[in-house]
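To start, the structure under review is shown below, and the notes come after it.
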Amino acid sequence: MVLELRGSRLIAVILMASGLDFLLFGYDQGLFGGILAGTGFTDMLGNPSPTMTGLVTGVYDIGCAIGAVAAFIWGERIGRKRSIIIANVVFIIGAAIQTASFSYGQMVAARIIAGAGVGLSTVAVPILQSETLPSHNRGALLVVQSGLIIIGVAIASWLCFATLFANGSLQWRLPIACQMFFSMLVLCCCPFICESPRWLAKRGETEKARHVISRLLDKPEDDVEVKGQLNEILEAIALENEDGEAAWGEVFSNATKARNLQRVLLGMGPYMMNQWSGVNALCYYLAYILEKYLGFNTRMSLILASVAFTQYAVFSWPPYFYIDRIGRRRTVIYSSIGCAVCMAVIAGSLINQTHTNSAVAVAFMFLFLDCFTLGILPVSWSYSAEIQPLRVRNKSTAVGVFAHWTSNFVVVMVTPLGLNSIGGNYFWIWAIVCASFVPITYYFGVETSGRSLEQIDNMFFEEPRVLMGLNKRHTQVIQATKEDEENRHRAFAKLDHEKAMHVEDVETASN
52 MVLELRGSRL IAVILMASGL DFLLFGYDQG LFGGILAGTG FTDMLGNPSP TMTGLVTGVY
112 DIGCAIGAVA AFIWGERIGR KRSIIIANVV FIIGAAIQTA SFSYGQMVAA RIIAGAGVGL
172 STVAVPILQS ETLPSHNRGA LLVVQSGLII IGVAIASWLC FATLFANGSL QWRLPIACQM
232 FFSMLVLCCC PFICESPRWL AKRGETEKAR HVISRLLDKP EDDVEVKGQL NEILEAIALE
292 NEDGEAAWGE VFSNATKARN LQRVLLGMGP YMMNQWSGVN ALCYYLAYIL EKYLGFNTRM
352 SLILASVAFT QYAVFSWPPY FYIDRIGRRR TVIYSSIGCA VCMAVIAGSL INQTHTNSAV
412 AVAFMFLFLD CFTLGILPVS WSYSAEIQPL RVRNKSTAVG VFAHWTSNFV VVMVTPLGLN
472 SIGGNYFWIW AIVCASFVPI TYYFGVETSG RSLEQIDNMF FEEPRVLMGL NKRHTQVIQA
532 TKEDEENRHR AFAKLDHEKA MHVEDVETAS N
């Protein structure tokens with residue numbers, strides 16, 4: 052029997068498995084920009100044009116979108132934990148084929164397969180975390196996940212630099228093969244993680260859900276907090292079940308009290324902001340941009356890109372200390388303002404390309420990555436799973452992830468073409484789009500910090516409106532503590548006890 056972890060140890064292994072999964076995702080983001088700088092890899096691909104370079108890089112995102120569709124269709128049936136296992140097995144198959152590739156077509160096919168695994172895991176991992184982590188510091192714990200994405204980018208960039216001058220195909224095969232190592236580490240963690248108690252309760256497996264909650268809280272199954280949390284989950288499920296069996300089309304409708312379509316769109320928002328900020332125009336192509344468009348040599352381009360991604364990784368951790376304190380909305384708004392300013396300065400600096408202007412552009416590329424990782428990034432990978440109703444959470448999150456990966460494909464595909472056609476003016480597009488995130492978040496976004504998933508449901512049950520951001524109760528940041536969470540669970544346990552006593556009194560009177 053596998054060791055059954057409890058309490059902080061169980062939370063730690065969930066974070067470890069999730070973090071390694073997202074480290075792998077980040078590693079691939081930084082991988083192609085590095086290996087494209089080497090002549091051995093481009094020779095194997097047949098020295099592709101900018102269009103074909105964008106295609107072989109971006110086709111991975113098409114695979115990710117396919118994985119998100121698979122999660123939409125089968126994810127709710129197989130559960131969060133098994134989805135993660137299947138996703139990593141599929142990814143290892145794709146990465147192995149990439150490592151052994153000898154032609155452009157084989158690399159394209161292999162990247163689609165690997166992408167399908169990542170697409171499936173990027174649906175399952177955020178949901179598992181949102182449904183198992185404590186609400187009072189859920190945002191801070193989810194920062195670990197987004198921080199590891201950037202560490203993956205930095206590792207890939209430095210490894211590509213280390214192998215740049217290696218003999219033969221080792222220059223690119225070794226960095227690609229290392230993807231499998233991270234995926235295998237995730238699979239090693241999987242036997243020790245638990246299934247989501249909310250998924251179990253929704254399937255009617257109440258006793259299993261109770262057992263998982265007791266493990267997460269490290270308390271006996273008959274403890275009042277375990278009973279209270281289970282009662283809160285069951286009550287939310289009962290309210291959702293009043294609308295009958297969930298239909299597939301319900302995800303795209305506001306017909307139920309849960310207002311699914313509105314919440315799907317709200318959940319898609321940060322995913323889209325993640326991509327349409329322009330961050331992956333830099334993450335995938337920074338070394339390529341520095342060499343081809345700013346005049347740096349190959350060695351200096353890779354060094355600058357690696358330093359940028361290392362700084363990017365360092366700045367991904369400060370949100371741990373404030374994301375639950377100032378809330379998701381303000382975190383995104385402040386981050387978007389910073390990103391818009393940086394992109395505008397980059398574009399302005401490249402109007403007349405001189406050595407000084409190129410240096411300014413590089414400095415603000417560094418600063419853009421910092422602004423992005425201090426806000427948009429950590430919110431984008433937590434908000435959607437938090438805001439979706441349990442009834443259609445897997446399907447709704449899959450829709451958001453699908454939008455994320457298809458947008459990623461567009462950005463990665465058009466970046467070489469955009470830079471080749473309009474040069475530095477390409478960055479004005481991202482400046483304008485980043486600025487638009489501010490009013491969108493202010494008027495439409497609701498705050499999830501400090502709230503349980505069931506409390507988020509109640510905002511839509513009790514006070515629905517289109518411009519949810521204009522209701523102060525919807526945007527208030529709750530400074531919840533562990534004690535507040537425990538008291539809420541006790542209240543639900545007490546409420547359930549009073550209901551049972553009332554039923555018993557009624558039955559006694561009738562007799």
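Heads up: the sequence shown begins at 52 in my numbering, then just goes up one per residue. Note that CB positions come from ideal geometry on N, CA and C, so glycine has one too.
Alpha helix (DSSP H) segment containing Asn282, residue limits: As a first step, residue 282 is located in the sequence shown; it is residue number 231 there, counting from the start. Element bounds for Asn282: Val275 to Asn292.
Residue from Phe232, Gly190 and Gln196 with nearest C-alpha to Ala207: Counting from one through the sequence shown, the residue named residue 207 turns up at place 156. It is Phe232 whose Cα lies nearest to the Cα of Ala207.
Spatial neighbours of Tyr493 in its chain, beta-carbon cut-off 7 Å, leaving aside the 5 residues before and after: What you label residue 493 is simply residue 442 of the sequence shown in a count that begins at 1. Same-chain partners within the cutoff: Ile384 and Gly520.
Whole-number beta carbon distance between Gln80 and Val204, since they are thought to touch under 8 Å: Here residue 204 corresponds to residue number 153 of the sequence shown, with the count starting at 1. Here residue 80 corresponds to residue number 29 of the sequence shown, with the count starting at 1. Right, their Cβ atoms sit about 5 Å apart.
Spatial distance of Leu56 from Phe216 (CA atoms): As a working note, residue 56 is residue 5 in the sequence shown. As a working note, residue 216 is residue 165 in the sequence shown. Looking at the two C-alpha atoms, the distance is approximately 45 Å.
Where the alpha helix (DSSP H) containing Tyr111 begins and where it ends: By one-based count along the sequence shown, residue 111 stands at place 60. Unbroken alpha helix (DSSP H) run through Tyr111: Pro101 to Ala121.
CB contact flag (Cys334, Val64, <8 Å): Within the sequence shown, the letter at position 283 stands for residue 334. Within the sequence shown, the letter at position 13 stands for residue 64. Going by C-beta atoms, Cys334 is not nearer than 8 Å to Val64.
Under 8 Å between C-beta atoms of Leu171 and Ala122: Looking up residue 171 in the sequence shown gives position 120. Looking up residue 122 in the sequence shown gives position 71. Yes, they are a contact pair.
8 Å Cβ cutoff met for Ala119 and Ala449: Sequence index remark: in the sequence shown, residue 119 carries index 68 (1-based). Sequence index remark: in the sequence shown, residue 449 carries index 398 (1-based). In contact: Ala119 and Ala449 (Cβ atoms closer than 8 Å).
Any 3 or more C-beta pairs closer than 8 Å across the stretch 496-510 and the stretch 274-286: yes
Backbone CA spacing between Ile129 and Trp327 [nearest angstrom]: On the sequence shown, position 78 is the one that residue 129 refers to. On the sequence shown, position 276 is the one that residue 327 refers to. If I take the Cα positions, the gap works out to 32 Å.
Straight-line Cα distance separating Gly329 from Leu199: Here residue 199 is taken as the residue at index 148 of the sequence shown, counted from 1. Here residue 329 is taken as the residue at index 278 of the sequence shown, counted from 1. If you take the alpha carbons of Leu199 and Gly329, they lie about 20 Å apart.
Asn562 (DSSP reduced to helix, strand or coil): Position 511 of the sequence shown, counted from the start, is the residue given in the question as residue 562. Caution is warranted here: a pLDDT of 42 is assigned to Asn562, below 50, making its placement in the model unreliable, and the coordinate value is therefore given only provisionally. In the structure shown, Asn562 falls within a coil segment according to DSSP collapsed to helix, strand and coil.
Residue range of the unbroken alpha helix (DSSP H) whose run includes Phe216: For the purposes of this step, residue 216 is taken as the residue at position 165 of the sequence shown. If you look at Phe216, you'll find it isn't in any alpha helix (DSSP H); DSSP assigns it neither H nor E.
Beta-carbon spacing of Phe417, Ala486 below 8 Å: Mapped onto the sequence shown, residue 417 falls at position 366. Mapped onto the sequence shown, residue 486 falls at position 435. Not a contact, by the Cβ cut-off of 8 Å.
Coarse secondary structure for Ser400, derived from DSSP in three states: Taking the first residue of the sequence shown as position 1, residue 400 is located at position 349. Ser400 falls in the helix class under three-state DSSP.
Beta-carbon proximity check, Tyr344 vs Gly474, cutoff 8 Å: Mapped onto the sequence shown, residue 344 falls at position 293. Mapped onto the sequence shown, residue 474 falls at position 423. Cβ distance < 8 Å, so Tyr344 and Gly474 count as in contact.
Straight-line gap, Ala391 to Phe488 (C-alpha atoms, nearest Å): Numbered from its first residue, the sequence shown carries residue 391 at position 340. Numbered from its first residue, the sequence shown carries residue 488 at position 437. Straight across, the Cα-Cα distance linking Ala391 with Phe488 is about 9 Å.
Outcome for Thr424 when other beta-carbon atoms lying within 10 angstroms are tallied against a minimum of 16: Taking the sequence shown and counting its residues from 1, the one referred to as residue 424 is at position 373. Buried, by the Cβ-count rule.
Given Ser357 as reference, the closest of Ile264, Val174, Cys211 and Leu468 once Cα atoms are compared: The residue labelled residue 357 in the question sits at position 306 within the sequence shown. Closest option to Ser357, Cα to Cα, is Cys211.
Those runs of the alpha helix (DSSP H) which lie wholly inside the stretch 195-266 and span at least 4 residues: 221-240 and 248-253
At least three beta-carbon pairs within less than 8 Å, the stretch 464-471 to the stretch 243-257: When C-beta atoms of the stretch 464-471 are compared with those of the stretch 243-257, fewer than three pairs fall below 8 Å, so the two segments do not count as touching.
Buried versus exposed, by CB contacts within 10 Å (16 or more), Pro440: Residue 440 sits at position 389 when you count from the first residue of the sequence shown. By the 10 Å Cβ count, Pro440 comes out buried.
Cβ pair count under 8 Å reaching 3, the stretch 91-105 against the stretch 155-167: Remark: three or more beta-carbon pairs, one from each stretch, lie closer than 8 Å, so the stretch 91-105 and the stretch 155-167 are flagged as touching.
Alpha-carbon to alpha-carbon, Ser134 and Ser563: There is no way to answer for residue 563, as the model of the chain reaches only from 52 to 562.
Per-residue DSSP class, three states only, for Leu432: Position 381 of the sequence shown, counting from 1, holds the residue named residue 432. The amino acid occupying residue 432 in the given sequence is Trp; Leu does not appear at that position. In the structure shown, Trp432 sits in coil (DSSP, three-state: anything other than H, G, I, E or B).
Neighbour-count burial assignment, Val554, 16 or more Cβ in a 10 Å radius: On the sequence shown, residue 554 is found 503 positions in, with the first residue counted as 1. Because the pLDDT at Val554 is just 34, under 50, the model does not fix this residue reliably, and the point stays unresolved.
Burial state of Gln313 (16 or more Cβ within 10 Å): Your numbering for residue 313 matches position 262 in the sequence shown. Per the 10 Å Cβ criterion, buried.
Where Met235 falls, given that 16 or more other Cβ within 10 Å makes a residue buried: Looking up residue 235 in the sequence shown gives position 184. So Met235 counts as exposed.
Asp112 classed as buried or exposed, judged by whether at least 16 other C-beta atoms fall within 10 angstroms: Locating residue 112 in the sequence shown gives position 61, where the first residue counts as 1. Buried.
Exposed unless 16 or more other CB atoms sit within 10 angstroms - verdict on Ala146: Counting from 1 along the sequence shown, the entry for residue 146 is found at position 95. Ala146 comes out buried.
Lys132 versus Phe142: straight-line alpha-carbon distance, rounded: Your numbering for residue 132 matches position 81 in the sequence shown. Your numbering for residue 142 matches position 91 in the sequence shown. Rounded to the nearest angstrom, the two C-alpha atoms are 16 Å apart.
Beta-carbon proximity check, Asp421 vs Gly190, cutoff 8 Å: The residue you call residue 421 lines up with position 370 of the sequence shown. The residue you call residue 190 lines up with position 139 of the sequence shown. Here Asp421 is not near Gly190, since their CB atoms are 8 Å or more apart.
Spatial distance of Leu337 from Glu536 (CA atoms): Along the sequence shown, one-based indexing puts residue 337 at 286. Along the sequence shown, one-based indexing puts residue 536 at 485. Roughly 44 Å between the two C-alpha positions.
Distance, Asn325 Cα to Ser367 Cα: Indexing the sequence shown from 1 puts residue 367 at position 316. Indexing the sequence shown from 1 puts residue 325 at position 274. Looking at the two C-alpha atoms, the distance is approximately 14 Å.
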